[in-house]
Amino acid sequence: MNPQMQSYRQYAQPQARAPAPRRPGECDPSTSPAPGTSISIADPSVQTEEFWKNLSADRIPLKLDLDLRRLVDTGQTAPFSACIEQILRRERNLQVEPGQAPPAHHAQQQHIQQLANQQLQQRNAAMEHQAAQRRARKPTDRTLPEGIEDLVIGDGVQQYNKLRELEKRLDATMMRKKLEIQDTMSRHRKREKTMRIWISNTCSEQPWQMNHNDEESITFDSLGEPKYRVKIQGRLLEWPDSDSEDEDEDEDGDGNGKEKEGEPKKSKEPLPPSRPFSFFFKALRVEFEDAFMGDPNYNISWKKPPNQTPEQDVDYFSFQRKADENMNITICLTRDEQPERFKLSPALADTLDMTEADRAEVVMCLWDYVKHFGLQEDDERRTIRCDDNLRELFGVDTIFFPQIPERILPHLLPLDPVRLPFTIRLDKEFHDNPEPTIYDVDVTVEDPVRALYLKMTQNPQHQAQLRQIADLDDQLAVLVQAIHHSKARHDFFSGMAKDPVGFCKKWLASQKKDLSVILGEAEKGDFSGMEFAKGGTDGVWNSDVVREAVRYRLAKQDTAPGR
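Next up, the structure:
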């Protein structure tokens, strides 16, 4: 007998016999292999082509693990998938640990989680839709109906209308001021302040510092290594504003701003610095004389980490080296500008008449330059005709303005570092009365108006006041709506009391017209739309226009993709 046929009969199942009913979790006897006929993965015959041909969706040629067999019997996993999982387990020597969910259970859990997420999203969308509907139905009109002043005793309506006009002017003024402040804040305007830097050095173990009474007892062990320490300290000079100072003087004095006799004039004292020294710089490098340039011990530099927190900023830097002679150094400080500022190339600096700027400022100045000299094309306003200065910058006769932010990159150079020369003094004459070297460096700080604006807008009390005003507006709109309804009822009953018969006729006619509009029925004498209800050869549906439209529709369906 053909061994392939024998193998087929061994694993084949009856085709016409229906599976016997069984309880969930119970193994199907028809899918259980005969005793002693399970195929091991270690058997070379498993890797043959006949095995993979016999492996189909309705045959289970392997003895499955208990968990896989249970999944197959309950219908959670297909037999073919269970066989593949069993093969992968045996090839990789994987065992399902107790309490670990099989892949089918994991997929089922993912499917359930996805359904739950979809239901949650649908529920949130429904709640948002309901909230939007409630907001749409919420009354917003706060204008009293016309003629209400004739029904109200007193001048309450006139006073209310005056308050409404005043509120409109106040809202318009506040909105204009708010937009102006936002426009000013969006330009990132900064102010320049003075950073005072003190550079000093101390020394130790210098020969003139050693006290040797007996010259014969001097040895190399008794002499220490001469050292020096350089300290670079900076502080931002901040002075109180003149306005606040005048207010303080008015409060302390008699209110007229004059000083009292016999009292000395108060001197201005600087405020404590708002930012430490390292906040304004992102790199520090010390350059020594040419004789020390090749020595790695004299390579001193510092770079600010990219994610440095404000708590990590320091007020001074210091370093220590060995030396016994005076030397000259240069301290190079690289400013940390946000947004980053650049040094402009000579051609761009001559065009804009400025030496430093950020990218947004350069683009805005170029736009002002184009508008001032009228270099826009008449047909395409975004196309710029380059004059001699712009032609030197971009090298073309015309340029598309949206390309300018990319074309100016070669003309934006890194800022030159702040160079502070200093002489390290190690002689006795200097250290008898040491004096530090002082420099004043200009740095940019945030505009204090911006901080005040953010403090005002982000103040929780301000937000609570805005919510309170919004609640009062809602309550006022509800009251005005109730006044509208009361005014309508008053007009209805007043008209009915004056002329009951005529009023009822007018009311019935109005109701009849509204009903005909709702039902879509034509009133008596209204024949609009009747031509579309007429058929036959003389009807509108037999005209050339309708035939052409039908022919176009059918032709469009025939040429549609997938037909």
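Take 1 as the starting number for the sequence shown in UniProt numbering and just add one per residue. Note that beta-carbon positions come from the ideal geometry of N, C-alpha and C, so glycine has one too.
Of all alpha-carbon atoms in Val230, Ala349 and Tyr369, the one lying nearest the alpha-carbon of Phe317 is that of Val230. DSSP places Asp387 outside both helix and strand once states are collapsed to three, so it counts as coil. Between the region 328-337 and the region 272-285, the count of Cβ pairs shorter than 8 Å is three or higher; the stretches touch.
Leu409 is not a Cβ neighbour of Ile399, given a cutoff of 9 Å.
Counting along the chain, Glu406 sits inside the alpha helix (DSSP H) bounded by residues Ile404 to Arg407. When the five nearest sequence neighbours on each side are left out, no beta carbon in the same chain lies closer than 7 Å to the beta carbon of Asn124.
Taking each of Ala357, Asp183, Leu420 and His411 in turn and checking the Cα distance to Arg341, the smallest one comes out for Ala357. In the three-state DSSP reduction, Gln86 falls in the helix class (H, G or I).
In this chain, the alpha helix (DSSP H) harbouring Ile518 covers Pro500 to Leu519. The Cβ neighbour count for Ser278, taken over all protein chains shown within 10 Å, is at least 16; the residue is labelled buried. Closest in alpha carbon position to Pro346, among His411, Phe288 and Asp378, is His411. Residues of the same chain with a CB within less than 7 Å of the CB of Glu205, apart from the 5 flanking positions on each side, are Gly224, Glu225, Pro226 and Lys227 in chain order.
Here Arg196 is not near Val445, since their CB atoms are 9 Å or more apart.
Contact between the region 307-325 and the region 360-374 is absent, with fewer than three C-beta pairs closer than 8 Å.
Taking each of Asp514, Phe288 and Leu476 in turn and checking the Cα distance to Lys138, the smallest one comes out for Leu476. Ile232 has its alpha-carbon roughly 22 Å from the corresponding atom of Glu429.
Contact between the region 160-174 and the region 436-444 is absent, with fewer than three C-beta pairs closer than 8 Å. Under the three-state reduction of DSSP, Ile438 is assigned to strand.
Bridge partners of Cys203 according to DSSP: Tyr228.
When DSSP reads this structure, Asp358 sits in a beta bridge with Arg341. In the structure shown, the three-state DSSP call for Phe277 is helix. Inter-residue distance for Met456 and Ala464 is about 12 Å (C-alpha atoms, whole angstroms). Residue environment for Ile199: buried (at least 16 other C-beta atoms within 10 angstroms of its C-beta).
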